[in-house]
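Take a look at the structure set out below.
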Amino acid sequence: MPQRESIRGVPANVITGFLGVGKTTAIRHLLDSRPLGERWAVLVNEFGEVGIDGGLFGPDKDGEVFIREVPGGCMCCAAGLPMQVALNQLLARARPQRLLIEPTGLGHPREVLAALSDTVRAGVLDLRATLTLVDARSIGDERYLRSDTFRQQLEVADLVVANKSDLYGAGDLENLRRYLAFLDKPLQTVERGRIQPDWLRAASGFEFPQASEHHEHPPLPMEEEPLPECGYRRRENSGEGHHSCGWRFDPALVFDYQKLFSLISGIDAERVKGVFITEDGVFGFNKADSVLSVLELDDALDSRVEAIDPARRDWDALESAWLGALLR
46 MPQRESIRGV PANVITGFLG VGKTTAIRHL LDSRPLGERW AVLVNEFGEV
96 GIDGGLFGPD KDGEVFIREV PGGCMCCAAG LPMQVALNQL LARARPQRLL
146 IEPTGLGHPR EVLAALSDTV RAGVLDLRAT LTLVDARSIG DERYLRSDTF
196 RQQLEVADLV VANKSDLYGA GDLENLRRYL AFLDKPLQTV ERGRIQPDWL
246 RAASGFEFPQ ASEHHEHPPL PMEEEPLPEC GYRRRENSGE GHHSCGWRFD
296 PALVFDYQKL FSLISGIDAE RVKGVFITED GVFGFNKADS VLSVLELDDA
346 LDSRVEAIDP ARRDWDALES AWLGALLR
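Here the sequence shown is numbered in my numbering, starting from 46 and rising by one per residue.
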């Protein structure tokens with residue numbers, strides 16, 4: 046049997062940004078805009094223990110788009126092992142012509158880039174521009190200004206993209222420009238995550254360290270556990286000043302769309318995102334900045350949802366609410 050040709054020089058971009066800034070929407074736009082027939086792959090990391098974003102991207106598409114998730118925190122933790130395992134599996138399966146990497150909005154982008162060093166030095170990846178999405182309205186928020194992660198996201202950027210520009214008020218963009226002036230970073234503005242594919246082609250200015258940087262966290266689970274007899278599993282995570290709780294439900298459990306919409310609309314959390322099998326079809330729910338968007342999807346392996354907030358919420362009450370939204 047002939048051996049498969051080794052993987053070399055795959056253009057790779059890191060697309061980062063704080064929680065809820067619109068990274069997933071931007072990557073969906075890029076996938077829809079890719080050249081006809083090109084195979085693209087996405088390696089996505091989530092703060093929560095239950096992976097959601099892979100479902101929001103939709104299933105692998107006709108052998109041209111491949112998705113791999115690393116849930117449970119920063120993908121570069123445990124000396125980069127979860128990221129390396131997922132990356133190797135994704136490259137071997139997809140053999141892509143471009144790779145997009147989306148770190149969690151609460152992760153450490155400099156260390157994610159550093160964890161790629163061996164793969165880049167070996168010539169497997171050709172690291173291109175890192176794009177950092179920001180919401181100019183956040184510049185006045187002390188949570189962002191005090192956040193080391195937010196500063197890292199701007200420092201590693203080859204291009205800063207001001208997303209959701211259609212929602213800005215007078216002076217928001219100018220405030221962002223003043224804030225970025227000391228970093229000397231180019232700035233583009235977009236609405237609804239409509240990043241231009243040409244922006245991906247620019248060179249990366251990231252300088253790799255001599256040895257991979259990493260910080261200590263518990264090893265991340267690489268395989269999902271089977272669901273118990275009750276038909277759902279709950280997982281929690283805490284770190285970076287945030288708490289998350291996620292649920293994964295057996296695909297045989299069908300949700301009431303209207304109950305879900307009302308429930309998610311009323312949840313007072315910084316971020317809620319989920320993929321649900323309902324009586325009306327499969328839908329992705331994404332709530333950020335108190336705005337809920339709903340996306341109809343072709344399919345899903347199961348239903349899953351994650352809530353993230355700086356405060357530890359009453360997860361038991363929320364769990365009861367999810368179960369109350371099941372179709373009876």
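Cβ coordinates follow ideal geometry from the N, Cα and C atoms, glycine included. Just so it is clear, the structure is predicted and the values come from calculations on it, not from any experiment.
CB contact flag (residue i, residue j, <8 Å)
| i | j | result |
| --- | --- | --- |
| residue 155 | residue 129 | no |
| residue 57 | residue 158 | no |
| residue 170 | residue 176 | no |
| residue 111 | residue 135 | yes |
| residue 312 | residue 352 | yes |
| residue 329 | residue 70 | no |
| residue 45 | residue 332 | Past the boundaries of the shown model lies residue 45; the chain is included only from 46 to 373, so the question cannot be answered. |
| residue 279 | residue 272 | no |
| residue 133 | residue 178 | no |
| residue 62 | residue 150 | yes |
| residue 210 | residue 199 | no |
| residue 287 | residue 242 | no |
| residue 345 | residue 308 | no |
| residue 374 | residue 372 | Any answer about residue 374 is impossible in this case: the structure gives the chain only from 46 up to 373. |
| residue 184 | residue 212 | no |
| residue 86 | residue 141 | yes |
| residue 334 | residue 302 | no |
Assigned secondary structure, residue i (DSSP; H/G/I helix, E/B strand, else coil)
| i | result |
| --- | --- |
| residue 173 | strand |
| residue 64 | coil |
| residue 72 | helix |
| residue 274 | coil |
| residue 138 | helix |
| residue 130 | helix |
| residue 179 | strand |
| residue 216 | coil |
| residue 159 | helix |
| residue 281 | strand |
| residue 365 | helix |
| residue 187 | helix |
| residue 192 | coil |
| residue 37 | With the chain covering only 46 through 373, there is no way to say anything about residue 37. |
Residues sharing a beta bridge with residue i, DSSP
| i | result |
| --- | --- |
| residue 353 | 289, 316 |
| residue 307 | DSSP lists no partner for residue 307. |
| residue 55 | 170 |
| residue 88 | 113, 146 |
| residue 330 | 319, 339 |
| residue 232 | 205 |
| residue 34 | It is not possible to answer for residue 34, since the shown part of the chain is limited to 46 through 373. |
| residue 371 | 300 |
| residue 348 | 294 |
Residue environment, residue i, which counts as buried when at least 16 other CB atoms sit within 10 Å
| i | result |
| --- | --- |
| residue 293 | buried |
| residue 228 | exposed |
| residue 290 | buried |
| residue 205 | buried |
| residue 59 | buried |
| residue 65 | buried |
| residue 216 | exposed |
| residue 147 | buried |
| residue 319 | buried |
| residue 281 | exposed |
| residue 77 | exposed |
| residue 248 | exposed |
| residue 138 | exposed |
| residue 343 | exposed |
| residue 88 | buried |
| residue 265 | Per-residue confidence for residue 265 stands at a pLDDT of 38, beneath the threshold of 50, marking its modelled position as unreliable; the derived number appears in the next sentence. Buried, by the Cβ-count rule. |
| residue 370 | buried |
| residue 310 | exposed |
| residue 55 | buried |
| residue 387 | The requested residue 387 is not part of the displayed model; the chain covers only 46 to 373. |
| residue 173 | buried |
| residue 336 | exposed |
Contact with chain C by residue i, beta-carbon distance below 8 Å
| i | result |
| --- | --- |
| residue 228 | Judged by its chain identifiers, the structure shown contains no chain C, having just a single protein chain. |
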